[in-house]
Amino acid sequence: MSDSRTALCGAGIVILIKEGVIISDLKIKEKPFAFTIAETLMEHPFLLTAAACFFCITTVSSKISWLGSLIPAAVLCMCGIFAAICISFDAPEKSRKSIIYTLSGISAAFSLIFAYMLRVSRRPQMVVLNIGIIIFAAVVIYLFATKKMDTKRLILLLFILGFLIRLAYIMAVSIKTKQHDVGSLEKLDGHLGYIGYLVYNNKLPEGDVRDVYQYYHPPLHHIIAAIWVRFQNAIGIEKDNTWENIQILTMFYSCCCMILSYKIFRQLGLKNNGLVIAFAVVTFCPTFYILSGSINNDILSITLMLGAVLNTLYWYKSRSIWRILCIAACVGFGMMAKLSAWMVAPAIAFVFLYVLFKNLKEWKKYLAQFAAFMGVCAPLGLWWGVRNYITHRVPITYVMELSSESKQYIGDIPLTKRLFDFSLYQFADVGDQFGMYEGTYNEFNPLIALFKTSMFDEMFTVHYYPDIAGINKVLFWSAVVLGIVGFVSMIYCLINDKTWSRMHKIFLGILYFTILISYYAFCIKFPHVCTQNIRYAVLLIVIGAYFIGRLAQNLCESESEKTQNLRIAGYTCLLTVVFIYSAISVVVYDVIFMT
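Just remember that our numbering sits 4 ahead of the position in the sequence shown, which is counted from 1.
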């Protein structure tokens, strides 16, 4: 991503810029300043993504103003002009000016139509997503037709489409609907009330945090959201929109997950088709759409966990104090967002010990680094729990427990049935079965619930969205196939694959099984339907995507003539399933947005 010769501009629209020089006045000149800026920006994808999200601040509201429609339209027009310049580069010299003027005019007209549709549409999210899909398809066709498509450009295009889906999602979903533990501003409870308390009082909650719904959570996400709300107030954003725009933050975190996943895949050796396939699995996983609009602390902690994984891979190569401090900051701030970020710690500890025992002659250097790690990580990750324990004897690992009288209680179901019952009736409806949300029964199998919630969370069921009936099953079963393929590929690679580092194998193995076992333990300790949710085990998606990509890469790179036909068939089947999964994921949520 950082090496790509492309530029991502506001509202997630991208200009594909050709490497080389820009044509102006029919003469070849040096790169203009704008081109240099574009290349520089692409070296900082997080800052560029933040800028793109910020441009959406006027777009995410129940009724978009003319300003809110003209800003993305102006950006779209600018992108079209740059694209016209790029296309003209390959044209005959005599026709370059006419191509630039013609395509720029078309871009301007198209942008005005886009602005009008965005302003008057009752469902502006449909305008954003469907026009984005049209532009995406046109650019893909153009690049393939002109034989200019490469891995970096395809990854970038997938990122753009992923950005637009997330943007459409937060435009469609309010902060008061399709949320987890949201609470209210009126009662100042739940995650929204937690943020409101910080906005109104300029201080952390006082008293026993167990007394107010969700106040026991560490406050990093809520502090950032409160600062964001106050900033919007300062620049004149309407009061109601300042709260809705909390989703801009969570969308940014979700987009960062795409970038971090890409970088992790690269560090672990994926390239070409394997990299594209792994990235597509993450980009079009509905979990990340849903988390982009969820204003609780889940997605920030997931982002920081991925940051910790990436920086661990960097540190293994560089062994620098800077990288180990980055790991410490990611883990510490991750736990300051949500305590469950600790789950990356065992795998990271293994890498530290592995490096130490491989370099015992430098033990002083590494012990000093580990001490620096603890000096940063421990205070950041534990201060909230220690504070509450000292003031009100709240256990550091406290988690709010629901009553056994709750409608979603499933503790009366035998554990063996919960773990091993895969009766077919559980797949009659692939939406998560939640009695309090009109489900036919309470979902009880943690594994089935993991797949169901990863595609539809708790509320995106045929009961509420009957138009997705049928296609939701295609999405679900394609995800199940990919999940099984990813797991089998992981087991094979961990045991038999000799082409990559033993450290990487053990690191990913520990990370995967720590999260999986913790998820099952959580479901058993707190036997309620709501605990059986992918949001407690999201990194399994990224790890699974990596091993799906690795399988695809191995199938493409193997030189064995005996298995050539089998490998081609296997790769074709895998690519087909990934394409169906990605395309149907977009279609299902496109239909949901229309409802």
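Just so it is clear, CB atoms sit at the ideal spot from N, CA and C, and this is done for glycine as well.
Near the ligand HEM: residue i beta-carbon under 7 angstroms from a heavy atom
i	result
Y575	Of ligands this structure carries none, so the ligand HEM is not represented either.
Proximity below 8 angstroms, CB of residue i to CB of residue j
i	j	result
D462	D436	One detail in the question is off: residue 462 reads as Glu in this sequence, not Asp. Their beta carbons are under 8 angstroms apart, which means E462 touches D436 by this criterion.
A556	G278	yes
S482	I584	yes
Y173	Y593	yes
I303	Q183	no
G415	P531	yes
A587	G490	no
M262	V286	yes
G194	D185	yes
L544	L520	yes
V1	F511	Because the chain spans 5 through 599 in this model, residue 1 falls outside it and cannot be assessed.
F615	S493	Outside the shown range of the chain (5 to 599) lies residue 615, about which nothing can therefore be said.
V595	I169	no
A341	H225	yes
F597	R127	yes
I328	A376	yes
M153	L147	yes
C81	S102	no
F167	C260	no
F256	I159	no
Collapsed DSSP secondary structure at residue i in the structure displayed
i	result
I32	Residue confidence for I32 is low, a pLDDT of 37 falling below 50, so the modelled location carries little weight and cannot support an answer.
S188	strand
H532	strand
Y585	helix
D471	helix
D302	helix
G24	Note on G24: pLDDT 33, under 50, position unreliable in the model; the coordinate value appears next. Correct three-state label for G24: coil.
P418	coil
A432	coil
W504	coil
E366	helix
P222	coil
Q183	coil
G273	coil
L406	coil
Y318	helix
E248	helix
K151	coil
I241	coil
H396	helix
T457	helix
Spatially closest choice to residue i from the options, by CA coordinates
i	options	result
N363	A351, R323, I228	R323
F59	D302, L171, A176	L171
G385	D185, G336, M494	G336
A541	S305, H225, Y320	S305
N446	F431, F424, N237, Y413	Y413
C577	S589, K566, E565, C560	C560
T254	C57, L162, Y217	C57
V3	I400, T316, V478, I495	A query on residue 3 cannot be resolved here, the shown segment of the chain reaching from 5 to 599 and no further.
I252	H467, G297, V280	G297
L423	I164, N476, Y523	Y523
R554	K207, A372, A312, L486	L486
V313	Y496, R270, I488	R270
V213	M339, L147, N392, I179	N392
M175	W232, P350, I227, L133	L133
P222	A282, I495, I572, Y402	Y402
S427	E409, I452, Y469, L406	I452
L189	M404, Y516, G200, A142	G200
W504	N558, K369, Y219, R539	N558
I61	E248, P383, K156	E248
Beta-bridge pairing of residue i - partner residues as DSSP gives them
i	result
Y293	Answer by DSSP bridge pairing: none, since Y293 is not bridged.
Y266	Per DSSP, none; premise fails for Y266.
A413	The residue asked about is misnamed: residue 413 is Tyr in this sequence, not Ala. Looking at the DSSP assignment, Y413 forms a beta bridge with H532.
D629	Outside the modelled stretch of the chain, which goes from 5 to 599, sits residue 629, for which no answer is possible.
Outcome for residue i when other beta-carbon atoms lying within 10 angstroms are tallied against a minimum of 16
i	result
R234	exposed
I547	buried
E242	exposed
S265	buried
F288	buried
K151	exposed
L202	buried
L515	buried
L454	buried
is_contact[residue i, chain D] using C-beta, thresh 8 angstroms
i	result
K369	Judged by its chain identifiers, the structure shown contains no chain D, having just a single protein chain.
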